[in-house]
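For the sequence shown, numbering that gives the first Met the number 0 gives the first residue as 0, with consecutive numbering after it.
Just below is one structure, and these are the notes that go with it.
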Amino acid sequence: MGRAMSNDADRQRRPARRVALITGGARGIGKGIALDLAARGWALAICYRTSARDADATIRAVTERGGQGLALCCDVSDPAACDDLVRQVETRWGRIDVLVNGAGPYHRVPLFDETPAGWNDMFANNLHPVFYLARAVAPGMKTRKHGRIITFGMANADKMEAQPMVTAHYIAKAGVLILTKTLAKLLAPDGITVNAIAPGFIDSGSAPPGELDGMTRHIPAGYIGGVSDVVSAVRYLLSDEARYVTGTTLHVSGGWGV
Ligand SMILES: NC(=O)c1ccc[n+]([C@@H]2O[C@H](COP(=O)([O-])OP(=O)(O)OC[C@H]3O[C@@H](n4cnc5c(N)ncnc54)[C@H](OP(=O)(O)O)[C@@H]3O)[C@@H](O)[C@H]2O)c1
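Structure representation (structure tokens):
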């Protein structure tokens with residue numbers, strides 16, 4: 000695995016001010032976060048599983064905004080691949096200041112139509128990578144006594160309610176929230192914060208066409224959120240002002256699911 004996009008190898012290797020690794024950063028919310036950080040001069044490593052073309056386009060946009068970019072193909076459901084991913088980024092730029100666990104696919108299927116493979120996929124792609132990657136980035140962050148880890152739940156995952164149509168995804172996201180709090184507690188002594196964003200319905204391109212429109216009437220704010228709404232929340236959690244905020248879940252849902 001591993002593929003660097005660069006129009007100037009020397010420039011890419013120049014020490015960057017801050018370094019973020021964003022899983023699923025080729026598209027959707029992860030891409031929005033990458034572009035926001037790029038505009039502030041960060042170095043961004045994004046990883047993708049299948050969307051090589053989208054990843055290339057994102058890295059081009061990163062460099063156009065003044066950031067440095069690296070696109071790596073990595074399936075984050077594979078623990079060895081996660082270790083390799085972190086090693087590649089640390090080798091390239093010397094450190095990882097921020098880990099954003101953006102990858103988090105879902106499928107909507109009635110529980111008794113779910114297959115064992117589909118069930119396992121939800122945990123393998125949503126929950127397990129947070130453990131694999133946190134474990135891999137923590138040593139470097141501990142050495143520097145600074146780090147930020149962002150995870151993604153979903154707005155109603157802390158309610159622990161019945162979910163007949165998205166059961167495995169929901170349980171995986173509830174697990175992400177518990178893992179987030181656990182990591183926050185363990186890493187706070189080393190200056191590392193770990194927080195979850197809990198989106199409601201965000202127009203990130205991942206939902207099947209039409210699914211979002213039908214949800215609008217259930218959202219108290221009366222509209223579907225944009226990627227920029229999530230980016231603003233992440234910007235806060237990465238800021239120095241949020242240094243004492245850890246183990247929390249920040250809902251970005253216009254009141255849905257709270
Ligand atoms: N959008 C929403 O309304 C919403 C609501 C609640 C929660 N969330 C959460 O917010 C996060 C971002 O959501 P999103 O809608 O922007 O993104 P998304 O569509 O869920 O995922 C973005 C990217 O993740 C990558 N990905 C999936 N599995 C992967 C794996 N095993 N290894 C590497 N990459 C993988 C996919 O890359 P490839 O295309 O290359 O496969 C995809 O392009 C997710 O965790 C999601 O569950 C979103």
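For glycine and all other residues, C-beta sits at the position ideal for the given N, C-alpha and C.
Check your understanding: What's the C-alpha gap between Val129 and Asp212?
Key -> Pairing Val129 with Asp212, the inter-Cα distance amounts to about 30 Å.
Going by C-alpha to C-alpha distance, which of Asn124, Ala80, Gly221 sits closest to Asn100? Measuring from the Cα of Asn100, the nearest candidate turns out to be Asn124.
Problem - For Pro14, the three-state DSSP class (helix, strand or coil) - result: Because Pro14 sits at a pLDDT of 47, beneath the cut-off of 50, its placement in the model cannot be relied upon, and the following sentence gives the value as read from the coordinates. In the structure shown, Pro14 adopts coil according to DSSP, grouped into three states.
Option nearest Val251 by Cα separation, candidates Val233, Ser238, Asp112, Asp239: When the alpha-carbon of Val251 is set against those of Val233, Ser238, Asp112, Asp239, the nearest one is in Val233.
How big is the Cα-Cα spacing for Val226 and Leu237? Computed Cα separation, rounded: 17 Å.
Using three-state DSSP, classify Val75 as helix, strand or coil.
For Val75, the secondary structure class from DSSP, reduced to helix, strand or coil, is coil.
(request) Starting from Ala195, follow its DSSP beta bridges and name the residues at the other end. (result) Beta-bridge pairing links Ala195 to Thr150, Thr248.
*asked:* How far does the beta strand (DSSP E) with Val99 in it extend, from its first residue to its last?
replied: Judged by DSSP secondary structure, Val99 falls within the beta strand (DSSP E) whose first and last residues are 97 to 100.
Quiz item: Using a Cβ-Cβ cut-off of 7 Å (strictly less than) and excluding sequence neighbours within five positions of Arg94, which residues of its own chain qualify?
Solution: Around Arg94: Val18, Gly139, Arg143.
| said: Just verifying my parser: in three-state terms, what is the DSSP assignment at Gly117? | reply: Helix.
Worksheet item: Grouping DSSP H, G and I as helix and E and B as strand, with all else coil, what is Gly24?
Response: For Gly24, the secondary structure class from DSSP, reduced to helix, strand or coil, is coil.
Cβ neighbours of Gly204 in the same chain (closer than 7 Å, five flanking residues each side left out) = Shown here for Gly204: same chain residues with a beta carbon closer than 7 Å to its own, the five before and five after excluded, namely Arg26, Gly27 in chain order.
Three-state secondary structure (DSSP) at Ile223?
Assigned with DSSP and collapsed to three states, Ile223 falls in coil, not helix or strand.
ask   = Can you pull the DSSP bridge partners for Ile201?
value = In DSSP, Ile201 forms a bridge with Gly224.
Contact between the region 97 to 113 and the region 58 to 65: three or more CB pairs below 8 Å?
Short answer: they don't touch.
| request: State the CB to CB distance for the pair Val175 and Thr215, rounded to an integer number of angstroms; the pair is presumed to be in contact (CB under 8 Å). | output: Their Cβ separation, rounded to whole angstroms, is 26 Å, which puts Val175 and Thr215 out of contact at 8 Å.
**Message:** Among Tyr105, Arg134, Ala154, whose alpha-carbon lies nearest the alpha-carbon of Leu185?
**Reply:** It is Arg134 whose Cα lies nearest to the Cα of Leu185.
Under 8 Å Cβ to Cβ from Ser50, same chain only, skipping five residues before and after it: list those, please. Once the five neighbours on either side are set aside, the close Cβ partners of Ser50 are Ala25, Arg26.
Starting from Lys144, trace the alpha helix (DSSP H) in both directions and tell me its first and last residue. It is not in any alpha helix (DSSP H) - Lys144 carries neither H nor E in the DSSP assignment.
Is the closest heavy atom of ligand 1 to the C-beta of Asn155 under 7 Å? Outside the cutoff, so no.
Which of helix, strand or coil DSSP assigns to Ala38
Coil.
*If you draw a straight line from the alpha carbon of Tyr105 to that of Val244, how long is it in whole angstroms?*
When rounded, the distance between both Cα atoms is 28 Å.
- Answer with buried or exposed for Pro198, where buried requires no fewer than 16 other C-beta atoms within 10 angstroms of its C-beta. Counting every other CB atom within 10 Å of its CB across the protein chains shown gives Pro198 a total of 16 or more, marking it as buried.
Separation of Asp83 from Thr90, as counted between CA atoms = If I take the Cα positions, the gap works out to 10 Å.
field: Ala167 in three-state terms, based on DSSP
entry: If DSSP states are grouped into helix, strand and coil, Ala167 belongs with the helices.
Which term fits Arg147, buried or exposed, when burial requires 16 or more other beta carbons within 10 angstroms of its beta carbon?
Classified as buried, Arg147 has 16 or more neighbouring CB atoms from the shown chains inside 10 Å of its CB.
Hey, would you say the C-beta of Arg216 is under 7 Å away from at least one heavy atom of ligand 2? Ligands in the displayed structure: ligand 1; ligand 2 is not one of them.
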